[in-house]
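Student: Once you've had a glance at the structure underneath, I'll fire off some questions.
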Amino acid sequence: MILNHFHNSESGDCSIKKVILVISYTVLLIACVIRLESVIALAGRLFSVLFPFLCGALIAFIVNIPMRTIERLIGKAIRDTEQKSRRGIRRAIAMILSFLLIFAALGIILILMIPEIAAAMVSLASGVPAFLEDLTQKTLVYFGENPQIRASLESLSRKAEWRNILDNILSFVQSGAGSVVESTLSTVSGVFGGLVTAALALMFSIYILSSKEKLGGQAVRVLQAYLPPEIVQKTLRITEIIARTYSNYFAGQFTDACIFGFLIFLLLTILSLPYAMLIGVVVALTALIPIVGAYIGLAVGAFLIAVVNPMYALYFAGVYLGTVFVDNNFIYPRVVGSSVGLPAIWVLLAVGVGGGLFGVVGMIFFIPGTSVVYQLIRENVAHRLERRGGGPVE
């Protein structure tokens, strides 16, 4: 009887706690809805404060992808995994090599791209007016001798004054643009703030990479201290899925983009088409954007080549579409594989929603995020059907 009394008392305490918790959440939700503008302002302020650390976490996540491979290779070469001090040295070497690899890749791209961009600007400055004039004349011939169309096109051509516009842009860039920037206090403040943010992000990423096992262990201990064991297990499972999905997706997407850009550069060089290096890098960068990136790369490359020779643009389009076909059917499945595991309709939905909310960044990050949600829902549905004696999830 006494045991029953204690049991009923504990049950009553749990019920009271649940009621208090629900009431607290309800009051908090109502307060947030009433003061929605203040909540949004507070969230924006909090995001601006945490922005350097979020960037640092993102840098650490990206650098960790090659660092894991380098650290594993160093461990196989020297076989010193048993000593903690040597493990720290191995981690430091792998981290330094990873940062050097990324900075070297960015530096090589800039060194190769700057002359190409300068040459492209000079070529565009001289080629765009002639290209537009030729296009206008061909359009006039195509539409015949209609005086209204002729007058409209000639008026548009005169108003555009493309040569003057491009000459003004080039003269502005070559003249005292730097002095204007240096004399503007807000710009200097922005640059200084950007440098501080970059330094904080870099230091924070180094700390995360050097102590990722320790930080992970501390996070697990906090979860175990405040949450029930089953919730801790589910949280760790979800975290593992998120880390694996994003890591595999970015590694595969970056590798495929590099291969695709190199193939375009190689083919354009073989065919002696202009701007091979510039278009190859642009195509590799746009290939990181799901679905629409391929079309952006095609449009940019075709425009640059069409300024030199419109017929070359048709050759480029044929080569580009053929390379896209080879990449989609042979290279991408082998490089990326099933790292995403999303049906095509969900990929399209993720790109549309992510792009609508956050632009290009949303397109890139929403695909692996949607894959995580899709996998968790799939596992939950399979578990529920199994408990009810249902069939497998297709």
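Convert by adding 2 to the 1-based position in the sequence shown; the result is the number in my numbering. C-beta: ideal position from N, C-alpha, C; glycine also. These figures come from a predicted structure and were not determined experimentally.
Buried or exposed for Asn66, please, with buried defined as at least 16 other CB atoms from any protein chain shown within 10 angstroms of its CB.
Tutor: Reading the sequence shown from its first residue, position 64 is the one you call residue 66. Label assigned to Asn66: buried.
Student: Would you call Gly180 buried or exposed, if buried means 16 or more other Cβ atoms sit within 10 Å of its Cβ?
Tutor: On the sequence shown, position 178 is the one that residue 180 refers to. Residue placement at Gly180 cannot be trusted, given a pLDDT of 49 that sits under 50; the coordinates are not used to answer.
Student: With a threshold of 16 other CB atoms inside 10 Å of the CB of Pro54, please say whether the residue is buried or exposed.
Tutor: In the sequence shown, counting from the first residue as 1, residue 54 sits at position 52. Pro54 is buried by the Cβ-count criterion.
Student: In chain order, what are the residue ranges of uninterrupted alpha helix (DSSP H) at least 4 long that sit wholly in the region 177-263?
Tutor: Listed in chain order, the complete alpha helix (DSSP H) runs (minimum 4 residues) inside the region 177-263 are 179-185, 187-212, 214-228.
Student: Which of the three DSSP states, helix, strand or coil, is assigned to Ala289?
Tutor: Translated into positions along the sequence shown, residue 289 becomes position 287. In this structure, Ala289 counts as coil in the three-state DSSP scheme.
Student: Considering Arg37, what are the terminal residues of the alpha helix (DSSP H) in which it resides?
Tutor: As a working mapping, residue 37 is identified with position 35 in the sequence shown. It is not in any alpha helix (DSSP H) - Arg37 carries neither H nor E in the DSSP assignment.
Student: Roughly how many whole angstroms lie between the Cα atoms of Phe332 and Leu114?
Tutor: Sequence index remark: in the sequence shown, residue 332 carries index 330 (1-based). Sequence index remark: in the sequence shown, residue 114 carries index 112 (1-based). If I take the Cα positions, the gap works out to 29 Å.
Student: Report yes if the CB atom of Pro370 is closer than 9 Å to the CB atom of Tyr248, and no otherwise.
Tutor: Locating residue 370 in the sequence shown gives position 368, where the first residue counts as 1. Locating residue 248 in the sequence shown gives position 246, where the first residue counts as 1. Against a cut-off of 9 Å, the Cβ pair of Tyr248 and Pro370 comes out as a contact.
Student: When you compare only the Cα positions, how much space is there between Ile22 and Ser207?
Tutor: For the purposes of this step, residue 22 is taken as the residue at position 20 of the sequence shown. For the purposes of this step, residue 207 is taken as the residue at position 205 of the sequence shown. C-alpha separation (whole angstroms): 40 Å.
Student: Hey, Phe262 and Val294 are a contact pair by Cβ (cut 8 Å); roughly how many whole angstroms apart?
Tutor: Taking the first residue of the sequence shown as 1, we reach residue 262 at position 260. Taking the first residue of the sequence shown as 1, we reach residue 294 at position 292. In fact, because the Cβ distance is near 15 Å, the residues do not count as touching under 8 Å.
Student: Excluding the 5 residues preceding and the 5 following Ala315 in the sequence, name in chain order all residues of the same chain whose CB lies nearer than 7 Å to its CB.
Tutor: Indexing the sequence shown from 1 puts residue 315 at position 313. Here the set comprises Ala304, Ile307, Ala308.
Student: Could you tell me whether the Cβ atoms of Val354 and Ile366 are closer together than 9 Å?
Tutor: Here residue 354 corresponds to residue number 352 of the sequence shown, with the count starting at 1. Here residue 366 corresponds to residue number 364 of the sequence shown, with the count starting at 1. It is Gly, not Val, that sits at residue 354 in the sequence shown. Contact flag unset, no.
Student: Can you name, in chain order, every residue of its own chain whose Cβ lies under 8 Å from the Cβ of Thr199, other than the five neighbours on each side?
Tutor: If you number the sequence shown from 1, residue 199 lands on position 197. Excluding sequence neighbours, Thr199 sits near Phe53, Pro54, Cys57.
Student: My output table needs one value for Tyr334: the three-state DSSP class, helix, strand or coil.
Tutor: Looking up residue 334 in the sequence shown gives position 332. If DSSP states are grouped into helix, strand and coil, Tyr334 belongs with the helices.
Student: For Thr271, count neighbouring Cβ atoms within 10 angstroms of its own Cβ and tell me buried if that reaches 16, exposed if not.
Tutor: The sequence position of residue 271 within the sequence shown is 269, counting from 1. By the 10 Å Cβ count, Thr271 comes out exposed.
Student: How far does the alpha helix (DSSP H) with Pro370 in it reach, from first residue to last?
Tutor: Your numbering for residue 370 matches position 368 in the sequence shown. From DSSP, the alpha helix (DSSP H) with Pro370 extends over 346-390.
Student: Could you check what DSSP says for Pro117 in three-state terms: helix, strand or coil?
Tutor: The residue given as residue 117 occupies position 115 in the sequence shown. Residue state, collapsed to three classes: helix.
Student: Since Val283 and Ile111 are thought to touch, with beta carbons under 8 Å apart, how far apart are those beta carbons, to the nearest angstrom?
Tutor: In the sequence shown, counting from the first residue as 1, residue 283 sits at position 281. In the sequence shown, counting from the first residue as 1, residue 111 sits at position 109. With 8 Å as the limit, Val283 and Ile111 qualify as a contact, their Cβ atoms being about 6 Å apart.
Student: Just how far apart, CA to CA, sit Leu238 and Ile210?
Tutor: One-based indexing of the sequence shown puts residue 238 at position 236. One-based indexing of the sequence shown puts residue 210 at position 208. Cα-Cα distance, rounded: 18 Å.
Student: Would you report the Cα separation of Ile233 and Ile243, rounded to the nearest angstrom?
Tutor: Position 231 of the sequence shown, counted from the start, is the residue given in the question as residue 233. Position 241 of the sequence shown, counted from the start, is the residue given in the question as residue 243. If you take the alpha carbons of Ile233 and Ile243, they lie about 15 Å apart.
Student: Tell me the rounded alpha-carbon separation between Gly364 and Ile18.
Tutor: As a first step, residue 364 is located in the sequence shown; it is residue number 362 there, counting from the start. As a first step, residue 18 is located in the sequence shown; it is residue number 16 there, counting from the start. Approximately 42 Å between the Cα atoms of the pair.
Student: If you draw a straight line from the alpha carbon of Ser40 to that of Gln226, how long is it in whole angstroms?
Tutor: The sequence position of residue 40 within the sequence shown is 38, counting from 1. The sequence position of residue 226 within the sequence shown is 224, counting from 1. Distance between the alpha carbons of Ser40 and Gln226 is about 34 Å.
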